[in-house]
Amino acid sequence: MLISDSSKKGVAVVSVMGRIDSTSSGELEKRLTSLLQRGEKRLILDLSDVDYMASAGLRVLLSTSKKSTALESRLVLAAPNEFIRQILTMTGFISYFSVFDDITAAVAAMSD
Amino acid sequence: MFRVDGYPTHEYGDFKLRPGKPLPFGATIVAGGVNFSVFSRFATACDLVLFHRHEAEPFAIIPFPDSFRTGNVFAMTVFDLDYETIEYGYRMDGPFDPDAGHRFDRSKVLIDPYARSLSGRNVWGETPDWTTPTQFRSGIVPDDFDWQDDKPLEIPFGDLVIYEAHVRGFTRHPSSGVRHPGTYAALREKIPYLRDLGVNCLELMPVHEFDEFENSRRHPETGEMLLNYWGYGTIGFFAPKAGLAATGSLGMQVDEFKAMVADLHRNGIEIILDIVFNHTGEGNENGPTIGFRGIDNKTYYMLTPEGYYWNFSGCGNTLNCNNPMVRSMILDCLRAWVSEYHIDGFRFDLAAILGRDQFGAPMESPPLLETLAFDPILGKCKLIAEAWDAGGLYQVGSFPSWGRWAEWNGKYRDTLRDFLRGESGCVGPMAQRLAGSPDLYRWQQRDSHASVNFVTCHDGFTLHDLVSYDSKHNEANGENNADGCNDNRSWNCGEEGESIDPEVLALRHRQTRNALILLLLSQGVPMLLAGDEFAQTQHGNNNSYCHDTELSWLDWSRLPANRDLFRFVRLMIAFRRAHPVLRMPRFLDVVGHVADLRVPSLSWHGTEAWRPDFSSASRTLALLLCGERAQGGTEYIYVAANMHWEAHVFELPDLPGARWRIAVNTGIPAPEDIWPPREEPEPADPRSVLVGPRSVMVLLADRG
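Structure representation (structure tokens):
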């Protein structure tokens, strides 16, 4: 798994490449948490290059989302491929998140 | 917080270990690793076998050092394990001495009886690789689901309308219109349908891990693959079946299952699990060794003095439910389903077995049943017994209850079916059933909620088939039509099977509605079989346990054609919910006069008011209920059931100041067979009604 972050119109975008599973999820959690603690109020998790998400990955998304709510920040998901979207739907995790088809839509929604 | 037990004390090869904690049993994620604990009274040694997911050979076999054993429990913490990608099993050493009850086999890798997930049949129906020596492996699951505010709903038992369904059968049919047919996820998609129908309790046929390939075979003539489709043959009591999950191949069935429960609860629907503690999927001495047999055969199974398996279940073996260790496993299991999965209740398959001692004799006060009745975690959950077993013990009306256990009332089904088909001598018994079966339950100071009433369930004909077939047609099961119940009390209404005769069809329509209306007007707790609301058929097959085909799957394309029936059931459920007097916990004849000093809460009538005819030749019965209206005031519900083949005039009880309105008349074609609230017409004659042949009328009146 590779993580990179950038900024679009003042919104932090964290892009992940590869698999989010029990070996990599810890690193993702650290990165997202440090961004939130740094005071980022708007965070997009770009899933376009994520090809697998294990149960541990879902848990990191959920726990980070809860942290962001506690810090009055907003975390949204963007561009999951069909497989990832299915996993989110079938396990019911999708109901916890706002999910956008692409980064542009997510940025637009965050800028409202 | 710093904890000293977060560090290893021992090493085995590359693995860091420490003596484990014996409780809880199973594999538990702890600081730094995973705690494995398993009990066996007679094993002499035990190995932990670790696999990477999808790899055939284990990557480690770690013997439990003797110093890690406490009593009969092997416990070990293994550090630095990636719980998400590993699977495990146990190998047990011990005597192979069947005469003495021992069948240890060190060559087998056994599943953990407490495993929270099992792999091996992750995708339903995928033909197993039979050359793999280990067909099932245990998995490790974190119990950290985000339930938010969810908890079991605790709907009063009497207010339930139970709907019995098979997870796969509910949505597997191409007509179901869901994205992941046959799964927990798909079931969630159907929740709006259940809400629309109005049921508030979903009872699922077995969802605990089983092997659908148990005793799988080809039909001798058709070549069709026959499976253990129903799933009565548990191998993992703590694990939701992966093959029923859309995410089973990813090992995420636990999350998917919990999401389903949370969603049902959000929609006001409870969930009851059918749980099969009477036997396991290991069969008799010729069956596979998957877990229990190899871990502690003598503890887990009821054995004959010669060391063979007692077969009170009709399925090859009998779980030794009143062995203290098995008892505690059952308790642990149910507690886990309530606390980890928020399950609202359980229906215990062949529950009479749970009251047999270790030698098979029925007990007066079975400790297992008493424990479950008084357990604090199960304290508010529904306990429903199928109060008989295949060994001849029939306990409907006498199942030990401690005021907690309810029963599938098999006598209700039999009486209603006989009354429905116009048998003689049924009016008296039918009155008992309509009143909540006081003849069966009053003597124990139980209430009418001890009785789960039903006319059909998964076992036997569907309702459509009950009125379309005189006898079973189980040829597709490949046993020369010898399997399945012969005591069906069904009637085909004039022609066996599908018919185009309008008279036959009209009669079937009426009989279907008659059955449903009597069921939904009876005191006690009604249970519907999924699909009966749109005339699901199994073409006369009354034992479809082996068919993972369109024979068993609900055919949703029947819904548009049977909209009238669906509407009838929906309105009848709403009617039941709107009128508290239909679901009183106390027997109404004991209650006496409550809402009206002149009219008792329950009274019996015949074609003449106040004169029921309980004679053998009678086929007419009327009932008057009087109770408090939900919105205040007094209400009267009058039900006239004419199961005679001739029409009869029923004199209405004279209630000064009350005007009768017709809510239901099954003798009239839809949509005038049932009226929505406030649209009910008044009868032409306020003193009497003509009830058509084999028809039921319901009238309403209120005051205040």
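Sequence lines, in order, name chains A and B. Numbers given in the working numbering equal positions in the first sequence, counted from 1, plus 646. Numbers given in the working numbering equal positions in the second sequence, counted from 1, plus 1. Built from N, CA and C at the ideal position, the CB exists for glycine as well.
Where the alpha helix (DSSP H) through A/Ser-787 begins and ends: Outside the displayed span of chain A (647 to 758) sits residue 787 of chain A, for which this structure offers no information.
Burial state of B/Ile-378 (16 or more Cβ within 10 Å): exposed
At least three beta-carbon pairs within less than 8 Å, the segment 471 to 489 of chain B to the segment 223 to 232 of chain B: yes
Amino acids of chain B, ordered along the chain, whose beta-carbon sits closer than 7 Å to that of A/Met-736: His-181, Ala-186, Ala-247, Thr-248, Glu-257
Own chain residues within Cβ distance below 6 Å of A/Lys-654, not counting five before or after: The beta carbon of A/Lys-654 sits closer than 6 Å to the beta carbons of Val-753 from its chain, once the five residues preceding and following it are set aside; these are given in chain order.
Rounded distance between the beta-carbons of B/Glu-155 and A/Gly-738, thought under 8 Å: A/Gly-738 to B/Glu-155, Cβ: 22 Å. No contact.
Outcome for B/Cys-486 when other beta-carbon atoms lying within 10 angstroms are tallied against a minimum of 16: exposed
When B/Arg-587, B/Leu-583, B/Thr-608, B/Cys-627 are compared against B/Val-595, the one with the closest alpha-carbon: B/Cys-627
Which residues DSSP lists as bridging B/Gly-19, in chain order: In the sequence as displayed, the identity of residue 19 of chain B is Arg instead of Gly. Answer by DSSP bridge pairing, in chain order: B/Thr-78.
Alpha-carbon to alpha-carbon, B/Thr-550 and B/Gly-532: Here the alpha carbon of B/Gly-532 sits roughly 15 Å from the alpha carbon of B/Thr-550.
Paired residues, beta bridge with B/Ala-46 - DSSP: B/Asp-94
Any chain B beta carbon closer than 8 Å to A/Asp-667: Flagged as an interface residue toward chain B: A/Asp-667, by a C-beta distance shorter than 8 Å.
Per-residue contacts from B/Glu-85 into chain A (C-beta, under 8 Å): The answer, in chain order, is Asp-667, Ser-668, Ala-700, Ser-701, Ala-702.
Cβ separation of B/Met-261 and B/Leu-335, assumed to be a contact under 8 Å, to the nearest whole Å: B/Met-261 to B/Leu-335, Cβ: 19 Å. No contact.
From B/Phe-37, B/Leu-51, B/Ala-61, residue whose alpha carbon lies closest to that of B/His-76: Rather than His, the amino acid found at residue 76 of chain B in this sequence is Ala. Comparing alpha carbon positions, the residue from B/Phe-37, B/Leu-51, B/Ala-61 closest to B/Ala-76 is B/Phe-37.
Residue range of the alpha helix (DSSP H) that includes A/Lys-712: Taken as a continuous stretch (DSSP letters only), the alpha helix (DSSP H) holding A/Lys-712 covers 701 to 716.
Contacts that B/Ala-263 makes with chain A (C-beta to C-beta distance below 8 Å): Gly-738
Backbone CA spacing between A/Met-736 and B/Thr-248 [nearest angstrom]: 7 Å
C-beta neighbour in chain B for A/Leu-708, strict 8 Å: For A/Leu-708, at least one C-beta of chain B is nearer than 8 Å to its own C-beta.
Length-filtered (3 minimum) beta strand (DSSP E) runs lying within the segment 413 to 482 of chain B: Every beta strand (DSSP E) of 3 residues or more that sits fully in the segment 413 to 482 of chain B is shown, in chain order, as 452 to 455.
Residue-level contact to chain B via CB, A/Met-733, 8 Å cutoff: Looking at the sequence provided, one finds Ile at residue 733 of chain A rather than Met. For A/Ile-733, the answer is yes, since a Cβ of chain B falls inside 8 Å of its Cβ.
Residue-chain proximity (B/Met-253, chain A), Cβ-Cβ < 8 Å: Closer than 8 Å: yes.
Entirely enclosed alpha helix (DSSP H) segments - the segment 353 to 421 of chain B, minimum 4 residues: 368 to 375, 411 to 421
Status (buried if at least 16 other CB within 10 Å, exposed otherwise) for B/Lys-152: exposed
8 Å Cβ cutoff, B/Ala-260 in contact with chain A: yes
Whole beta strand (DSSP E) elements within the segment 583 to 653 of chain B, 3-residue minimum: Counting only runs of 3 or more, we get 603 to 606, 621 to 629, 635 to 643, 649 to 652.
Residue range of the unbroken alpha helix (DSSP H) whose run includes B/Val-505: 503 to 522
Within-8 Å CB hit, A/Arg-705 to chain B: yes
Option nearest A/Lys-687 by Cα separation, candidates A/Ile-733, A/Ser-711, A/Ile-730: A/Ser-711
Simplified DSSP state of B/Ser-120, which is helix, strand or coil: strand
B/Cys-547 beta carbon less than 8 Å from that of B/Leu-265: Contact flag unset, no.
Cutoff 6 Å; reference B/Met-698; Cβ partners in own chain excluding five residues on either side: Closer than 6 Å at the Cβ level, and outside the excluded window around B/Met-698, lie Ala-641, Asn-666, Val-690, Val-692.
For B/Leu-351, the three-state DSSP class (helix, strand or coil): coil
Short CB-CB distance (under 8 Å) between B/Asp-144 and chain A: no
Chain A within 8 Å of B/Asp-556, Cβ atoms only: At least 8 Å separates the CB of B/Asp-556 from every CB of chain A.
Whole runs of the beta strand (DSSP E) within the segment 299 to 335 of chain B, excluding any shorter than 3 residues: Within the segment 299 to 335 of chain B, not a single complete beta strand (DSSP E) segment reaches 3 residues in length.
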